[in-house]
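There are 2 protein chains.
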Amino acid sequence: MARPSLVSDEELVEGLAGVFKAEGFEGASLAALSEASGLQRASLYHRFPGGKEQMAEEVLRSTEAFMQKHIISMLEGDAPVQQRVQDLVKGLRAFYDGGRRNCLLNKLAASGGKQHRLNKQIAAMMQRLTVALGKLAVDAGLKKDAAHARAERTVMLLEGSLVMCRGLGTTTPFESMLRQLPAELLGK
Amino acid sequence: MARPSLVSDEELVEGLAGVFKAEGFEGASLAALSEASGLQRASLYHRFPGGKEQMAEEVLRSTEAFMQKHIISMLEGDAPVQQRVQDLVKGLRAFYDGGRRNCLLNKLAASGGKQHRLNKQIAAMMQRLTVALGKLAVDAGLKKDAAHARAERTVMLLEGSLVMCRGLGTTTPFESMLRQLPAELLGK
DNA sequence: GTCTATAGGAAGATAGAC
DNA sequence: GTCTATCTTCCTATAGAC
Numbered sequence: 062m063a064r065p066s067l068v069s070d071e072e073l074v075e076g077l078a079g080v081f082k083a084e085g086f087e088g089a090s091l092a093a094l095s096e097a098s099g100l101q102r103a104s105l106y107h108r109f110p111g112g113k114e115q116m117a118e119e120v121l122r123s124t125e126a127f128m129q130k131h132i133i134s135m136l137e138g139d140a141p142v143q144q145r146v147q148d149l150v151k152g153l154r155a156f157y158d159g160g161r162r163n164c165l166l167n168k169l170a171a172s173g174g175k176q177h178r179l180n181k182q183i184a185a186m187m188q189r190l191t192v193a194l195g196k197l198a199v200d201a202g203l204k205k206d207a208a209h210a211r212a213e214r215t216v217m218l219l220e221g222s223l224v225m226c227r228g229l230g231t232t233t234p235f236e237s238m239l240r241q242l243p244a245e246l247l248g249k
Numbered sequence: 062m063a064r065p066s067l068v069s070d071e072e073l074v075e076g077l078a079g080v081f082k083a084e085g086f087e088g089a090s091l092a093a094l095s096e097a098s099g100l101q102r103a104s105l106y107h108r109f110p111g112g113k114e115q116m117a118e119e120v121l122r123s124t125e126a127f128m129q130k131h132i133i134s135m136l137e138g139d140a141p142v143q144q145r146v147q148d149l150v151k152g153l154r155a156f157y158d159g160g161r162r163n164c165l166l167n168k169l170a171a172s173g174g175k176q177h178r179l180n181k182q183i184a185a186m187m188q189r190l191t192v193a194l195g196k197l198a199v200d201a202g203l204k205k206d207a208a209h210a211r212a213e214r215t216v217m218l219l220e221g222s223l224v225m226c227r228g229l230g231t232t233t234p235f236e237s238m239l240r241q242l243p244a245e246l247l248g249k
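Structure follows, in structure tokens:
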């Protein structure tokens with residue numbers, strides 16, 4: 062059952078992810094996806110018969126798995142609260158390359174009624190992250206409602222800081238957000 | 062010098078703005094822009110010889126003027142601080158249609174080196190808003206540095222809440238953000 | 001100033017050889 | 001499984017009549 066591919070599934074999806082994050086769904090041309098992945102258009106269609114939409118789905122799925130493995134499970138783990146917050150900050154800084162990378166969820170979220178599948182995945186990921194952050198806040202001693210509010214605001218700050226980085230052309234908002242994150246999430 | 066146009070400049074730019082906010086720059090097709098503005102493609106090119114990029118520029122310019130007139134000048138005015146914050150909340154709710162509309166700055170901000178002009182405009186608008194918010198925080202008694210930090214975080218929350226609304230398919234994050242805004246901006 | 005018609009190219013997607 | 005070559009559709013942009 063082995064599939065001796067010239068480009069591993071990991072490399073492939075990672076390349077595609079970079080394009081989707083940088084260009085968004087509409088902006089990600091097959092030419093760019095082909096170049097970034099190292100495969101010709103036709104080869105991409107062989108692996109993703111559903112075309113660009115399936116590519117985006119797989120990229121989301123892969124990102125979700127990464128988030129689950131490196132962020133969510135850590136947040137819901139039983140390490141000391143302070144340790145988990147520090148790991149979160151480190152993890153986010155690495156994942157978003159210090160504010161230089163866009164958030165995939167922002168760039169793939171569509172306004173219109175199209176891309177039902179993608180929107181469902183995106184909503185699920187946002188909710189999962191919020192819940193996990195809330196869990197940490199609860200472990201830090203906050204009441205359920207307050208913890209949820211903190212978690213929601215933390216996601217807002219994360220997404221918003223990345224929007225500001227793109228808009229202003231600097232990474233300072235992201236770093237500023239990371240500095241404030243522990244106090245924001247756990248109370249001040 | 063009068064130009065008896067069938068579609069006023071205001072209506073025109075407003076129609077275009079709606080498409081750019083909903084679809085982003087790449088996603089905004091000339092067909093959609095034509096339909097939303099009530100003008101045929103060729104007529105759009107008559108008014109905007111620079112094509113789609115010029116349309117986006119004019120939309121940004123118009124939005125900037127609106128922001129200046131309805132938000133910035135109000136924030137920098139001399140009404141009581143509490144009054145200004147309330148006006149801000151009302152203004153934002155109207156402008157973003159309660160969280161149903163995207164932020165133009167987010168949807169038009171490009172990652173790559175393209176669209177120099179647009180990126181400059183976007184950066185200027187974000188900075189101007191941040192500065193005006195900071196002014197209000199200073200008037201509320203905060204020190205300059207603290208006020209700037211509050212202002213920056215307020216913009217993050219605004220942008221981030223809209224991203225969450227799009228991702229989750231609800232407007233609750235936006236409303237939640239508006240409720241917390243006065244305390245967030247002026248201190249708690 | 002607006003339109004119909006169309007040029008010219010890039011987009012997403014497929015066919016078939018290797 | 002990957003490629004080159006191609007199809008079709010949609011896109012941006014222009015030409016020229018009214």
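These protein sequences, in sequence, are chains A and B. Just add 61 to the spot in the first sequence (first one is 1) and you have the working numbering. Just add 61 to the spot in the second sequence (first one is 1) and you have the working numbering. A virtual CB, placed ideally from N, CA and C, is assigned to each residue, including glycine.
Bounds of the alpha helix (DSSP H) holding tyrosine 106/A are 102-108.
Ranking Tyr157/A, Leu136/A, Asp158/A and Gly159/A by CA distance to the CA of aspartate 148/A puts Leu136/A first. Serine 134/B and leucine 197/B have their C-alpha atoms spaced approximately 11 Å apart. Counting only runs of 4 or more residues that sit fully inside the segment 171-222 of chain A, the alpha helix (DSSP H) segments are 177-200, in chain order.
Between the alpha carbons of arginine 227/B and leucine 247/B lies a distance of about 27 Å. Listed along chain B is no residue with a C-beta nearer than 7 Å to that of valine 80/A; the closest approach is about 10 Å. In the structure shown, cysteine 164/B falls within a coil segment according to DSSP collapsed to helix, strand and coil. Using a Cβ-Cβ cut-off of 7 Å, glutamate 114/A does not count as an interface residue toward chain B, since no Cβ of chain B sits closer than that to its own. Excluding its 5 nearest sequence neighbours in each direction, alanine 89/A has C-beta neighbours in its own chain below 6 Å: Val80 and Phe81, listed in chain order.
In the DSSP annotation of this structure, threonine 232/B is not part of any alpha helix (DSSP H), being labelled neither H nor E. In this structure, the alpha-carbon of phenylalanine 127/A lies about 25 Å from that of leucine 218/B. Per DSSP, the continuous alpha helix (DSSP H) segment holding leucine 121/A begins and ends at 112-128.
The continuous alpha helix (DSSP H) containing leucine 153/A extends over residues 142-156. Here the C-alpha atom of histidine 209/B lies approximately 23 Å from the C-alpha atom of valine 224/B.
Taking a cut-off of 8 Å for Cβ pairs, the segment 229-238 of chain B and the segment 153-161 of chain B touch, as three or more such pairs fall below it.
Apart from the 5 residues on each side of it in sequence, histidine 131/B sits with its Cβ closer than 7 Å to the Cβ of Gly152 in its chain, given in chain order. Under the Cβ criterion of 7 Å, leucine 179/B is not counted among the residues facing chain A.
Between the alpha carbons of glycine 221/B and alanine 184/B lies a distance of about 17 Å.
In the three-state DSSP reduction, glutamate 245/B falls in the helix class (H, G or I).
The straight-line gap separating the alpha-carbon atoms of threonine 231/A and leucine 67/B is approximately 43 Å. Listed by position along chain B, the residues whose Cβ is nearer than 8 Å to that of glycine 230/A are Asn180 and Ala184.
By the rule that beta-carbons nearer than 7 Å mark a contact, leucine 247/A does not touch chain B. Relative to proline 141/B, the option among Thr215/B, Leu242/B, Asp200/B and Lys205/B whose CA is nearest is Asp200/B. Taking the Cα positions, phenylalanine 156/B is about 16 Å away from arginine 145/B. Using a 10 angstroms sphere on the CB of glycine 112/A, the tally of other CB atoms stays under 16, which defines it as exposed. Membership of aspartate 70/A in the alpha helix (DSSP H) is indicated by the continuous run 70-88.
Within the same chain, Ser95 come within 7 Å of glutamine 101/A by CB-CB distance, once the 5 residues on both sides are set aside. Secondary structure at glutamate 137/B: coil, using DSSP grouped into helix, strand and coil. Between the alpha carbons of lysine 205/A and arginine 108/B lies a gap of roughly 55 Å.
Not a single C-beta of chain A is nearer than 7 Å to the C-beta of glutamate 118/B. Restricting attention to Ala117/A, Leu242/A and Ala193/A, the CA atom closest to the CA of lysine 181/A is found in Ala117/A. For leucine 169/B, the three-state secondary structure derived from DSSP is helix.
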